[in-house]
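1 is the number of the first residue of the sequence shown in UniProt numbering; add one for each residue after it. Heads up, the beta-carbon is just placed ideally off N, CA and C, and yes, glycines get one too. Comments concern the structure below.
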Amino acid sequence: MPNIYDIAREAGVSITTVSNILNNKGRFKPETVARVLEAVERLKYRPNFAAKSLAARRTNTVALSALLTPESFDPLNLQYFGAIAHAVSRSGFNFLLHISHDQASFEGFVAAGLCDGWLLMMVRRRDERISLLQELGIPVVTIGRPDEPEDMDMVDTDFEQTARLALEHLLALGHRRIAYIAEPLDFAYSAIRLNAYLKLLREYGLEENAERVAETDGTEAGTVRALETLWTRFPRITAIITHDIPALTVLRVLKEWGLRIPQDVSVIGCSDSPLAALADPPLTTINLYVERIAEAAAEALARRLQEPEAPPVRVLIPARLVARGSTGPAPHGSDR
């Protein structure tokens, strides 16, 4: 069954434009309206009018959707949930939290019509939650940057900066043979950070490190496989960049292999999970300022609910390096 993404692609416009035209919002060139309506007819698209009716009710409640599985859960998520709940309350709204790992569960919750707007976490590069909410005309703010649409409210960490902070920290310590373990690349933040890292390698003349990249599937076993693959191909790695939860697995496995952290290998994460400071050794990482992200996202959604025609906001929150015991000078005599 075609959805609003398909209509937007067929008509060559954003899904926000499709949503506004179908909901009679805003002004558009006649040829744009014609292209959208022709695409609707050609693809035999039928909006969900029952859900639209439910969505039209006002509840003074907003919801947060998080895509999580037991394997992907991070205590940092609890910090996000608490900070967002507090920020939403300060904006004058009630708060609901919806955790799911599939689209069907999310669609059922949306159809219940319990909230006026949505905040989305763990945003995928192409996120079906966005297309559903756009189709129904429900206000949405993403905490993350999907590939499309670009003309919607978004708050995110400056993940390009997190890549720079991590790489420059290691370079200052003398590391040149650096590996990178990415979290699943269908998540927007992971793809953005990796692309920024690869660009930085070119900037610093370290293109050979682009081969020292592997992807974990988000599980502990997947991280072990990624590390084993890298170590088999590049046994002289002196530093590894990843995210906090994979980093904890990396620390454990490297020590099991008889390597010393950071004397033999330095490890740096990203997110400053509550577990990072408890690692052995404590994990060097990047703090994402969760409270600032929560406040900006709640403010953006409150503004959208009060001013439906306002231009979209796109906010990037800077991060900061937290240096701990898992990074140190490159081993004596190491080179590229």
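Restricting to Cα atoms, I'd like to know which of the options is closest to residue i.
i: residue 228; options: 253, 260 and 243; result: 253
i: residue 79; options: 271, 232 and 127; result: 271
i: residue 64; options: 223, 176, 89 and 195; result: 89
i: residue 306; options: 249, 116, 206 and 195; result: 116
Just the C-alpha distance for residue i and residue j, rounded to the nearest angstrom, thanks.
i: residue 213; j: residue 181; result: 6 Å
i: residue 230; j: residue 179; result: 8 Å
i: residue 225; j: residue 265; result: 18 Å
i: residue 21; j: residue 203; result: 43 Å
i: residue 124; j: residue 186; result: 6 Å
i: residue 119; j: residue 331; result: 45 Å
i: residue 103; j: residue 59; result: 23 Å
i: residue 354; j: residue 263; result: In the structure as shown, the chain begins at 1 and stops at 336. Residue 354 is therefore absent and cannot be evaluated.
i: residue 156; j: residue 32; result: 31 Å
i: residue 93; j: residue 28; result: 32 Å
i: residue 188; j: residue 135; result: 21 Å
i: residue 172; j: residue 201; result: 14 Å
i: residue 61; j: residue 71; result: 30 Å
i: residue 289; j: residue 315; result: 13 Å
i: residue 141; j: residue 129; result: 11 Å
i: residue 114; j: residue 98; result: 11 Å
i: residue 24; j: residue 234; result: 57 Å
Just to confirm my understanding: we take residue i, look at its own chain, exclude 5 residues before and 5 after, and list those with CB closer than 8 Å. What are they?
i: residue 292; result: 317
i: residue 244; result: 74, 76, 269, 270, 271, 272, 273, 275, 276, 283 and 285
Just reading off the beta strand (DSSP E) that residue i is part of, what are its end residues?
i: residue 180; result: 178-182
i: residue 95; result: 94-100
i: residue 272; result: Unbroken run through residue 272: none, as it is neither H nor E.
i: residue 285; result: 285-287
i: residue 340; result: Outside the shown range of the chain (1 to 336) lies residue 340, about which nothing can therefore be said.
i: residue 130; result: Careful: residue 130 lies outside any beta strand (DSSP E), inside the alpha helix (DSSP H) at 128-136.
i: residue 239; result: 239-241
i: residue 117; result: 117-120
i: residue 156; result: 154-157
Starting from the C-beta of residue i, find all residues in its chain whose C-beta is less than 6 Å away, skip the five residues before and the five after it, and write them out in chain order.
i: residue 121; result: 66 and 143
i: residue 166; result: 241 and 268
i: residue 304; result: 139 and 153
i: residue 87; result: 294, 295 and 298
i: residue 210; result: 198 and 201
Where do the ends of the alpha helix (DSSP H) carrying residue i lie?
i: residue 108; result: 103-111
i: residue 66; result: No alpha helix (DSSP H) holds residue 66; the beta strand (DSSP E) holding it covers 61-67.
i: residue 245; result: 244-256
i: residue 305; result: 290-306
Answer with buried or exposed for residue i, where buried requires no fewer than 16 other C-beta atoms within 10 angstroms of its C-beta.
i: residue 139; result: buried
i: residue 236; result: exposed
i: residue 131; result: buried
i: residue 190; result: buried
i: residue 347; result: In this structure the chain extends from 1 to 336, so residue 347 is not present and cannot be described.
i: residue 147; result: exposed
i: residue 108; result: exposed
i: residue 7; result: buried
i: residue 35; result: buried
i: residue 26; result: exposed
i: residue 310; result: exposed
i: residue 208; result: exposed
Can you give me the Cβ contacts of residue i inside the same chain, cut-off strictly under 7 Å, excluding the 5 residues immediately before and after it?
i: residue 85; result: 95
i: residue 328; result: 173, 262, 263 and 266
Run the proximity test for residue i: is its beta-carbon closer than 7 Å to any non-hydrogen atom belonging to the ligand GTP?
i: residue 302; result: No copy of the ligand GTP occurs in the structure displayed, which carries no ligand at all.
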